[in-house]
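These notes are about the structure you will find just below.
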Amino acid sequence: MPDPCDLSIIIVNYNTQGYLGRCLESLSETSDFSAEIIVVDNASKDLSAEMVRERFPEAVLIANTENLGFAKANNQAIAVSMGRYLYFLNPDAEVQKGAFGAMISYMETHPDVGLAGTRLVNPDGSTQPSVESRYPGQKHAKKLMAGLKGDIAWVLGASMIARRSAIMHAGGFNEDFFLYGEEQDLCLRLRRAGWSIGYIPDAVVLHWGGKSERDHLPENVWEKKFRAELTFYHSHYSSNAIKRICMENLIQAMWRIILLKLTLPFYADKTRLHHKLDKYRVAFRVFLRTLQNHAVNIDS
135 MPDPCDLSII
145 IVNYNTQGYL
155 GRCLESLSET
165 SDFSAEIIVV
175 DNASKDLSAE
185 MVRERFPEAV
195 LIANTENLGF
205 AKANNQAIAV
215 SMGRYLYFLN
225 PDAEVQKGAF
235 GAMISYMETH
245 PDVGLAGTRL
255 VNPDGSTQPS
265 VESRYPGQKH
275 AKKLMAGLKG
285 DIAWVLGASM
295 IARRSAIMHA
305 GGFNEDFFLY
315 GEEQDLCLRL
325 RRAGWSIGYI
335 PDAVVLHWGG
345 KSERDHLPEN
355 VWEKKFRAEL
365 TFYHSHYSSN
375 AIKRICMENL
385 IQAMWRIILL
395 KLTLPFYADK
405 TRLHHKLDKY
415 RVAFRVFLRT
425 LQNHAVNIDS
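Note that our numbering has the sequence shown beginning at 135, numbered continuously upward.
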C-alpha cells in the first residue's frame with residue numbers, strides 16, 4: 135500500500151487531451167509537501183490515457199472502459215487516494231505559482247472548513263465568479279437551510295480542496311449526478327454535516343472554461359445542466375418546493391423567450407441571442423415536463 139501523503143490531486147478527464155497535458159504540467163510545484171496525482175479517464179477517444187502513461191508516468195491512472203460520469207469517477211479516485219487533503223481539479227485548469235502552498239496553509243489554519251474553492255481566473259487574468267452564497271431555488275426551502283455553518287453556500291468544482299475526513303463524513307460524491315451540479319450537492323451535504331465551505335483568494339488557478347463558453351453552449355448541454363439542477367432539488371427539497379421552483383423557472387423562461395424574440399431584429403450579435411433562446415427553450419421544456427410528471431404522480 136502506498137504511504138500516506140499530504141495531498142491527493144484528483145483529475146477526472148473526458149476527451150480533453152490538449153488541456154490535460156497543460157494541466158498536469160502545472161502541477162510541478164509540490165516540493166514543500168508530499169503529493170500524489172490521480173487521473174481518472176472516462177474512456178476518452180482522444181488518446182488521453184495513452185498520453186498520461188507516456189508523458190506523466192508518475193501519475194496514478196485509472197482508465198475506465200466507459201464514461202462513468204464525474205461523480206463516480208471522483209469516488210473511484212478517492213477510494214485509492216492516500217492524501218490528508220483531496221484536491222479536485224478540472225483538466226481545463228492550470229495551477230499557478232504558490233497556489234498549493236496557499237491551499238495547504240488555509241486548510242491548516244481553518245479547521246472548521248471541510249472544503250474550499252480557489253480563485254479562478256480567465257486567460258486574460260480577470261477573475262471568474264466561483265463562489266455562491268445561495269443554492270438554486272433556496273428561497274423555496276428556507277427551513278431546510280436553517281442552522282448551516284458559514285456564509286458560503288458552494289464553490290465551483292473546477293478547483294477545490296477538501297479534508298479527507300470531511301469527504302468521508304459526507305459520503306463522497308453523490309453518484310445520482312452524472313455531470314454538473316455535483317459541487318452544489320457536496321457542499322450542502324458537508325454543511326449539513328457541520329462543516330463550513332471556504333474560499334482561498336491567494337490560490338490562483340487559470341480556468342479555460344468560463345462565461346464566454348457558457349454563452350455558447352449547445353441545447354444538449356443545457357438539457358444536462360437543467361436535469362442536474364432537478365436532481366439537486368429532488369435530493370434536498372420537498373415536493374411542494376420543487377413544484378414552486380419549476381413554476382417560477384417556467385414563467386421566467388417563457389418571458390425571456392418572448393423578450394428575446396422581440397429584440398431579435400435589433401440585436402447585433404444574433405448568434406449569441408439564438409444561443410440564449412436555445413437555453414430558455416430547453417428550460418421551458420424541462421420544467422414543464424417536470425410539472426406535468428409532478429401532477430401525474432399526485433393524481434396516481
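The C-beta atom is built at its ideal place from N, Cα and C for all residues, glycine as well.
Computed from a predicted structure; not experimentally measured.
Residue 168 and residue 140 do touch by the CB rule: their CB atoms are close to 5 Å apart, below 8 Å.
Residue 242: member of the alpha helix (DSSP H) spanning 233 to 243, first to last residue.
With fewer than 16 other CB atoms across the displayed protein chains lying within 10 angstroms of its CB, residue 199 is exposed.
Looking from the CA of residue 369, the closest CA among 392, 333, 332, 318 belongs to 318.
Judged by DSSP in its simplified three-state form, residue 268 adopts coil rather than helix or strand. The three-state reading of DSSP puts residue 330 in strand, counting E and B together. DSSP, reduced to helix, strand and coil, places residue 399 within a helical segment of the structure shown.
Taking one beta carbon from each stretch, the segment 407 to 420 and the segment 310 to 330 have fewer than 3 pairs nearer than 8 Å; the two do not touch. At the C-beta level, residue 337 and residue 220 stay beyond 8 Å of one another.
Nearest to residue 325 by C-alpha distance, out of 422, 409, 268, is 268. A buried status is given to residue 240, since no fewer than 16 other beta-carbon atoms sit within 10 Å of its beta-carbon.
Counted as a single uninterrupted DSSP element, the stretch harbouring residue 142 is not any alpha helix (DSSP H) but the beta strand (DSSP E) occupying residues 139 to 147.
Pairing residue 232 with residue 166 gives a Cβ-Cβ distance that is not under 8 Å. By the Cβ test, the segment 353 to 362 is not in contact with the segment 244 to 263, since fewer than three Cβ pairs between them sit closer than 8 Å. A contact between stretches requires three or more CB pairs, one per stretch, nearer than 8 Å, and the segment 203 to 215 meets this requirement with the segment 146 to 166. In the structure shown, residue 385 adopts helical secondary structure according to DSSP, grouped into three states. By the neighbour-count criterion, in which 16 or more other beta carbons inside 10 Å mark a residue as buried, residue 203 falls on the buried side.
Distance from the Cα of residue 284 is smallest, within the candidate group 270, 253, 299, 327, for 327. In this structure residue 332 is buried. Its beta-carbon is surrounded by 16 or more other beta-carbon atoms within 10 angstroms. In this structure, the beta-carbon distance from residue 171 to residue 237 does not fall below 8 Å. In the DSSP assignment, residue 175 is bridged to 147, 197. Residue pairing from DSSP places residue 219 in a beta bridge opposite 141, 297. Boundaries of the alpha helix (DSSP H) around residue 183: 182 to 189. A distance below 7 Å between beta-carbons, with the five flanking residues on each side excluded, links residue 306 to the following residues of its chain, in chain order: 209, 212. With contacts defined by Cβ atoms closer than 8 Å, residue 421 and residue 374 do not form a contacting pair. Here residue 142 is buried. Its C-beta has 16 or more other C-beta atoms within 10 Å.
In the three-state DSSP reduction, residue 249 falls in the strand class (E or B).
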